[in-house]
Amino acid sequence: MSSDDEQGSPQRRGSREEGGHGSLMWVESVPDDGAYLLRALKPQEVFQLVHGCAGGRTERKLAALREELSPEVVDGAMEGLVQALTGESESSSRSPPTAEYRRASRSEVPSHSNLKKKKKKKKKKKKKKKKKKKKKKKKKKKKKKSRTIEELDSGFGPRCRCHTDLAVTGRHFSSLLTMSNPSLVVLYGSQTGTAQDAAQRIGRQAQRRRLQVQVMSLDSYQVANLIAESLVVFVCSTTGQGDPPDNMKNFWRFLFKKSLPVGSLSRLDCAVLGLGDSSYPKFNFVAKKLHKRLLQLGANMLMPVGLGDDQHDLGPDAVIDPWLTSFWGSVLALYPSLTRVTPLREDERLPPTYTFHFLEEKTERSGDGLRSSEGEAPPSPSHPFGARMVSNRRVTEPSHFQDVRLIEFDITGSGIRFAAGDVVMMRPRNAAEDVQQFCLLLGLDPEDTFLLQPTNNTPGPARLPQPCSVHHLVESYLDIAAVPRRSFFELLATFATNELERDKLVEFSSAAGQEELNSYCNRPRRTALEVLTDFPHTTAELKVDYLLDLFPEIQPRSFSIASSLEEWLLSGQLFRSGFLRGEPANILFFGCRSESKDFYFRSEWEHLVEAGHLTLFTAFSRDQEEKVYVQHRVRENAALLWDLISKKNACFYIAGNAKQMPASVCDSLKGVFQQEGGVSADAAAQMLAVMEKTGRLQSETWS
1 MSSDDEQGSP QRRGSREEGG HGSLMWVESV PDDGAYLLRA LKPQEVFQLV
51 HGCAGGRTER KLAALREELS PEVVDGAMEG LVQALTGESE SSSRSPPTAE
101 YRRASRSEVP SHSNLKKKKK KKKKKKKKKK KKKKKKKKKK KKKKKSRTIE
151 ELDSGFGPRC RCHTDLAVTG RHFSSLLTMS NPSLVVLYGS QTGTAQDAAQ
201 RIGRQAQRRR LQVQVMSLDS YQVANLIAES LVVFVCSTTG QGDPPDNMKN
251 FWRFLFKKSL PVGSLSRLDC AVLGLGDSSY PKFNFVAKKL HKRLLQLGAN
301 MLMPVGLGDD QHDLGPDAVI DPWLTSFWGS VLALYPSLTR VTPLREDERL
351 PPTYTFHFLE EKTERSGDGL RSSEGEAPPS PSHPFGARMV SNRRVTEPSH
401 FQDVRLIEFD ITGSGIRFAA GDVVMMRPRN AAEDVQQFCL LLGLDPEDTF
451 LLQPTNNTPG PARLPQPCSV HHLVESYLDI AAVPRRSFFE LLATFATNEL
501 ERDKLVEFSS AAGQEELNSY CNRPRRTALE VLTDFPHTTA ELKVDYLLDL
551 FPEIQPRSFS IASSLEEWLL SGQLFRSGFL RGEPANILFF GCRSESKDFY
601 FRSEWEHLVE AGHLTLFTAF SRDQEEKVYV QHRVRENAAL LWDLISKKNA
651 CFYIAGNAKQ MPASVCDSLK GVFQQEGGVS ADAAAQMLAV MEKTGRLQSE
701 TWS
């Protein structure tokens with residue numbers, strides 16, 4: 001320690017940012033004996049002595065101090081600490097701390113210049129001793145640190161985080177012991193934006209509780225930093241056949257490395273919220289597997305995994321609302337200091353994520369980011385390929401209420417390769433009339449250009465050029481044609497000045513008003529732009545800085561690639577040489593409403609049947625009085641299917657509406673196993689699970 005440290009103003013040692021591991025310790029005008037006492041005892045030892053839970057080692061150290069100084073000096077100093085910390089005398093009853101102690105500082109209080117001469121000799125002696133053991137201490141540093149925490153854990157039960165602020169003035173000791181507020185990290189894996197929206201909602205709730213919070217995708221996060229985090233929420237959806245979303249695949253691969261040591265996340269408090277669709281066999285598979293893996297790595301789970309279901313009448317919010325209530329209850333129990341913080345009111349608007357800085361000069365409209373030339377990098381989400389549309393043909397009868405289209409694109413020069421079962425991601429734009437109406441409602445000039453300035457170290461949107469025109473922002477980025485989520489109404493309500501509009505927006509954003517919101521918005525598929533026209537007074541008050549908080553980014557839409565049917569069946573993907581027991585290797589159960597109105601690709605299917613490449617079973621549900629569905633045809637052909645699946649190792653593919661059909665078909669398959677295989681219901685379910693696990697049962701459904 002330098003002489004400046006000893007003579008100058010109070011020094012700060014081991015200080016930390018919110019959520020770190022150090023402590024804040026201050027000393028001013030310390031009397032000689034008191035300073036020596038504080039220097040000899042570590043903060044966690046003072047804490048233990050004050051609260052009557054010191055171990056034998058600490059008690060022996062205190063006894064040695066009594067002999068060295070005097071019992072009167074030491075007891076007097078301790079009495080002052082007890083009164084400052086607990087408001088009681090040392091002789092009064094001591095109750096254990098209400099918060100569990102997780103991490104304590106290992107920094108010692110700085111020495112003071114006004115020490116007695118008789119102590120200087122001993123100090124020099126200790127210094128020499130420390131020098132000799134310096135190398136030894138370095139080697140054992142990690143081990144010692146772990147042992148110290150274990151000792152503290154044994155005295156204070158389950159671990160929690162706290163730090164000690166000590167201030168000493170004159171001969172009076174005062175101390176403030178507080179639980180440090182955590183910094184929250186919300187990490188999401190999202191394919192369509194639903195999980196991202198839920199993560200941002202948690203982030204806003206944390207901001208209202210005045211917590212430091214970061215919200216980012218899992219692949220944007222440095223996963224190695226997890227060992228240093230104090231509080232993390234994972235929000236993730238499940239795609240395909242139990243696959244993680246694209247923006248968390250790198251994180252997923254890292255987390256499941258076998259080389260990661262058990263217990264590496266033992267200091268992490270976290271929770272997992274999953275979003276899925278119960279019509280899929282692997283419902284919320286990613287969230288469940290992530291929860292299990294975090295437990296394997298030693299993480300402390302604050303609560304059970306939340307499993308949001310898109311099939312619920314109220315959507316995922318039916319699970320998210322009570323889950324979040326329980327989550328914040330767990331956080332308040334872990335960090336009692338948060339109960340003393342006054343949260344922001346619900347009608348108090350949070351700062352925007354970005355601010356718009358408009359440029360004086362108008363520039364030409366920004367490009368669309370599409371590529372159409374050869375020789376460049378492969379297409380990517382940020383730089384998709386601009387394909388030319390070759391044809392757009394309706395495949396349902398003109399009189400039918402469903403307008404289903406077969407659209408062909410020319411991808412020559414793109415370098416794109418695809419196989420049977422692949423999907424194509426299409427990025428739409430908002431219609432020109434919608435862009436014009438939106439700009440009129442908000443009083444925006446489409447030709448204005450701006451620069452985005454993040455307000456909290458948030459990276460700028462990857463797909464927005466800088467500078468960017470208002471026209472490009474509204475046409476190609478803001479999803480004004482989507483059905484707005486609940487978060488849209490929460491933010492919109494903070495701008496409302498009209499009482500009637502404010503009351504309705506508050507109702508839509510509340511947990512109790514979700515059925516009303518479902519009737520107003522979700523069932524009729526009302527768009528965000530239409531909502532703005534329904535609330536004109538509130539729309540007039542909107543601030544441009546909040547546009548990116550209010551409207552999500554336009555997400556690419558996924559569509560099944562309808563390849564040439566004959567090429568697909570004969571490509572080797574599904575076709576097997578020859579026939580199985582005289583029957584074609586490919587069997588199709590096709591179901592629709594009417595044979596004459598929505599029998600997609602009828603001529604192609606019939607051509608394949610005539611050529612001997614396909615066996616076709618149809619189910620037209622509305623063409624007769626009694627409805628017939630594909631699951632009925634599956635049961636009718638139980639013997640054929642059992643033979644193919646049990647003896648020929650056949651694969652089973654399900655495609656169509658995600659509502660009820662996939663589950664009904666799976667139930668029929670289990671019935672086939674029971675009827676033809678003579679197995680129990682449990683065994684049939686197990687057989688289906690094995691088919692799914694080995695890739696012989698796959699689903700591609702839409703909702």
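In the UniProt record's numbering, the protein residues as written are 1 to 703. Built from N, CA and C at the ideal position, the CB exists for glycine as well.
Quick check: what's the CA-CA separation for residue i versus residue j?
i, j, result
"Pro428", "Leu231", "38 Å"
"Lys362", "Gln436", "18 Å"
"Asp277", "Asn284", "7 Å"
"Leu268", "Phe438", "45 Å"
"Ile416", "Asp434", "32 Å"
"Asp403", "Val331", "50 Å"
"Leu226", "Gln214", "13 Å"
"Trp328", "Ala206", "9 Å"
"Gly240", "Arg293", "20 Å"
"Leu517", "Pro662", "28 Å"
"Lys504", "Asp623", "44 Å"
"Gly578", "His607", "Note that Gly578 scores 34 on pLDDT, short of 50, meaning its location in the model is unreliable; the coordinates nonetheless yield the value given after this. In a straight line, the C-alpha of Gly578 is about 18 Å away from that of His607."
"Gly76", "Leu338", "33 Å"
"Leu440", "His312", "37 Å"
"Glu88", "Ser183", "Residue placement at Glu88 cannot be trusted, given a pLDDT of 45 that sits under 50; the coordinates are not used to answer."
"Pro72", "Leu324", "Checking the sequence shown, residue 72 turns out to be Glu, not Pro. Spanning the two alpha carbons is a distance of roughly 53 Å."
"Val305", "Glu447", "47 Å"
"Asp545", "Met301", "37 Å"
"Lys249", "Thr238", "12 Å"
"Ser259", "Trp252", "14 Å"
"Ile320", "Phe234", "13 Å"
Please report the residue range of the beta strand (DSSP E) in which residue i lies.
i, result
"Leu187", "183-189"
"Leu532", "Not the beta strand (DSSP E): Leu532 falls in the alpha helix (DSSP H), residues 528-534."
"Ser558", "557-560"
"Phe234", "231-237"
"Val544", "Taken as a continuous stretch (DSSP letters only), Val544 belongs to no beta strand (DSSP E), as it is neither H nor E."
"Arg394", "388-394"
"Gln214", "212-217"
"Val424", "423-426"
Go to residue i, then tell me how far its alpha helix (DSSP H) extends in each direction, as first and last residue.
i, result
"Gln205", "194-208"
"Phe488", "486-493"
"Ala287", "285-296"
"residue 709", "Residue 709 cannot be examined here, being either before or after the span of the chain that is shown, 1 to 703."
"Glu408", "Counting along the chain, Glu408 falls outside any alpha helix (DSSP H), though it belongs to the beta strand (DSSP E) covering 405-410."
"Ser510", "Premise fails: Ser510 is in no alpha helix (DSSP H) and is neither H nor E."
"Arg253", "249-255"
Report, in whole angstroms, the separation of the C-beta atoms of residue i and residue j, which I expect to be a contact under 8 Å.
i, j, result
"residue 724", "Val672", "Not covered by the structure: residue 724. The range shown for the chain is 1 to 703."
"Thr455", "Thr353", "6 Å"
"Leu529", "Ala481", "6 Å"
"Thr527", "Val474", "With 8 Å as the limit, Thr527 and Val474 do not qualify as a contact, their Cβ atoms being about 13 Å apart."
"Ser668", "Val628", "13 Å between Cβ atoms; not a contact."
"Ala638", "Gln675", "5 Å"
"Gly591", "Val630", "4 Å"
"Val223", "Phe256", "No, Val223 and Phe256 are not in contact; Cβ-Cβ is about 11 Å, not under 8 Å."
"Gly308", "Leu275", "4 Å"
"residue 716", "Ser487", "Coverage of the chain is limited to positions 1 through 703, which leaves residue 716 absent and any answer about it impossible."
"Leu478", "Phe551", "4 Å"
"Arg405", "Arg394", "6 Å"
"Gly189", "Ser220", "Wrong, their Cβ atoms sit about 11 Å apart, outside the cutoff."
Starting from residue i, follow its DSSP beta bridges and name the residues at the other end.
i, result
"Gly415", "According to DSSP, Gly415 bridges with nothing at all."
"Gly306", "Leu273"
"Thr701", "Gly656"
"Glu553", "Leu478"
"Asn498", "Beta-bridge pairing links Asn498 to no other residue."
"Asn300", "Asp269"
"Asp598", "Bridge partners of Asp598: none, in fact."
Give a yes or no on whether the minimum CB-CB distance between residue i and chain C is below 8 Å.
i, result
"Arg388", "Given the protein chain composition of this structure (a single chain), no chain C is represented."
field: Secondary structure, beta strand (DSSP E): runs of 3+ residues fully inside the region 315-366
entry: You should have 354-358.
task: Kindly provide the ranges of any alpha helix (DSSP H) runs that are 4 or more residues long and lie completely inside the region 609-696, ordered along the chain.
output: 630-636, 638-647, 661-677, 681-693
field: alpha helix (DSSP H) runs wholly inside the region 432-486, at least 4 long, in chain order
entry: 432-442, 470-476
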